[in-house]
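Engineer: Numbering (the numbering used here), first residue to last: 29 to 146. Just so it is clear, CB atoms sit at the ideal spot from N, CA and C, and this is done for glycine as well. Since the model is a prediction, treat every value here as computed from it, not as a measurement. Take this structure, written in structure tokens, and hold onto it; I'll ask about it next.
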């Protein structure tokens, strides 16, 4: 990986605003720190409050539906797969938490299926 002209950094870690090593950073992402003045390695952070802010641009041309709640106690983080069509052309999403809960949710039937849990 190279970063441009003569005298510049040759690797990501040689940049002046990046961490000095990859040690302890397995499966982490590069992100801007809280002071917004350099990069750091860390877990991705999702602010779900930014998906809906209650503003007037909320779609009102169809009825809102509430989905079935997650059927297990969430352990810190919750991860979702992309939407996948099953053999019946129904959309499903795989859901796993930071523990060992692994479930599948069918958006058509609104049913959860436990795949593997503690």
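Strictly by DSSP, which residues pair up with residue 115?
Structural biologist: In DSSP, residue 115 forms no bridge with anything.
Engineer: Are residue 111 and residue 98 closer than 9 Å when you measure CB to CB?
Structural biologist: No, these two residues do not count as a Cβ contact at 9 Å.
Engineer: Nearest by alpha-carbon distance to residue 96: which of 136, 55 and 54 is it?
Structural biologist: That would be 136, whose Cα lies nearest to the Cα of residue 96.
Engineer: Out of curiosity, what's the CA-to-CA distance linking residue 39 and residue 58?
Structural biologist: Cα-Cα distance, rounded: 14 Å.
Engineer: Determine the closest residue to residue 54 out of 69, 125, 62 and 45, with distance taken between C-alpha atoms.
Structural biologist: Ranking 69, 125, 62 and 45 by Cα distance to residue 54 puts 69 first.
Engineer: Indicate the three-state DSSP secondary structure (helix, strand or coil) for residue 14 in the structure shown.
Structural biologist: For residue 14 there is no data in the structure shown, the boundaries of the chain being 29 and 146.
Engineer: Run through DSSP, which three-state label would residue 42 get?
Structural biologist: Reduced to three states, the DSSP call for residue 42 is helix.
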